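For the record, the sequence lines run as chains R and G.
Residue 68 in the working numbering sits at position 68 of the first sequence, and the numbers go up by one each step.
Residue 201 in the working numbering sits at position 127 of the second sequence, and the numbers go up by one each step.
Written below as structure tokens is the structure these notes are about.
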Amino acid sequence: MKILEKLHKAITTLKSDAEYNFDYNGDNIVVNEETFNTIKWKTGEDENEFAILTDTNPHSEITWTKVKEEMDKL
Amino acid sequence: MALTTVRSTGISSLPAISAANLTSIPAANLTGTLPAISGANLTGISGGKLLNHEFFNDGTSTSSNTTSWTATTLTDSITTTGTSSEFLILGQITKASLPSSASHIYFRWYRDVAGGGFNAIGNNYHCRADDSGGYNGHECFTFYQVDRAGGNTNLSYTAGQAITYKLYFKCQDISGNANFERGHMTILEMGA
């Protein structure tokens, strides 16, 4: 299983309706605490159907430690 | 009295004379090699249709499951040159992998004129993984859009304004993450 698929499964295992956007360098996919903290999280949608994204993780269920644990199970 | 006949007898060489008053020179007598001349004052020459162009190579990739329109990093601006121009926007996601054939992703161009805000133009591009393998599929998507006054995009601008185009996406559902890598885009401004 590829690392991005693991990341997705870990996040949605911890919170099934979490939506996120993770931009990364295309040649060097690194998922660690530093890059995890760059993820933008969707908190809603505006009147133009644009995603409202925040740099601050609003999901207390989803921490890097828990995500790493879930990824290691896969 | 017009000088019509000059006998060659006794003429060794012509003096230096000006051509300022020469008229009716037969075209057949205009031969040889032109000197290097400036075209600065040429008139009546129709210009080309391609007025301006921009290119952007995006080194960023994205993994996401957002179900609302989300900006990609594939974006570029062009400073308009002409009035009533037509803009051709070409964008490409060079490598995409989607979770399964049951999961869809939509792309769409958005346009901003002089900082007035991004508005959708054109139609959605509806993509999904090939049936052979979801994440194992590496597909290339090309997005083509014409933007002009009228049509289905209703472009309105004045010459000199900057127009920014940006590719947005949204996933059909959150069941899987869509991954797309390293796009590039070109904007061409063509004269009316």
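We treat Cβ as the ideally placed atom computed from N, Cα and C, and that holds for glycine.
This structure is a prediction, so every number in the text was calculated from the model and none was measured.
Judged by beta-carbon spacing, I167 (chain G) lies within the 8 Å limit of F215 (chain G), meaning their Cβ atoms are closer than that value. Between L164 (chain G) and N103 (chain G), the alpha-carbon positions lie close to 51 Å from each other. Taking N253 (chain G) as reference, the option from G:I261, G:K169 and G:T227 with the minimal CA-CA separation is G:K169.
With respect to chain R, the C-beta atom of T134 (chain G) has a partner C-beta closer than 8 Å.
Comparing C-alpha distances from N37 (chain R) to each of R:D46, R:V67 and R:M71 shows the shortest one belongs to R:V67. In this structure, the CA atom of S151 (chain G) is about 6 Å from the CA atom of A236 (chain G).
Excluding its 5 nearest sequence neighbours in each direction, T149 (chain G) has C-beta neighbours in its own chain below 6 Å: K240, listed in chain order.
Taking all protein chains in view, the Cβ of N21 (chain R) is crowded by 16 or more other Cβ atoms within 10 Å, so the residue is classified as buried.
Taking a Cβ-Cβ threshold of 9 Å, the residues of chain G close to D23 (chain R) are T134, S135, T136, S137, S138, T146 and T147, in chain order. Here the stretch 178-193 of chain G lies against the stretch 242-252 of chain G, with 3 or more beta-carbon pairs under 8 Å apart. Against D17 (chain R), the close residues of chain G are I248, in the order they occur along the chain (beta-carbon pairs closer than 8 Å). Its Cα nearest to that of G190 (chain G), the residue G:Y231 stands out among G:L172, G:I119, G:Y231 and G:D132. Along the stretch 37-50 of chain R, going in chain order, the ones with a CB nearer than 7 Å to a CB of chain G are K42, E45, E49 and F50. One alpha carbon belongs to S159 (chain G), the other to K6 (chain R), and they sit about 47 Å apart. In this structure, T12 (chain R) sits away from Y24 (chain R), with a CB-CB distance that is not shorter than 8 Å. For T141 (chain G), the three-state secondary structure derived from DSSP is coil.
Here the alpha carbon of E69 (chain R) sits roughly 12 Å from the alpha carbon of K9 (chain R).
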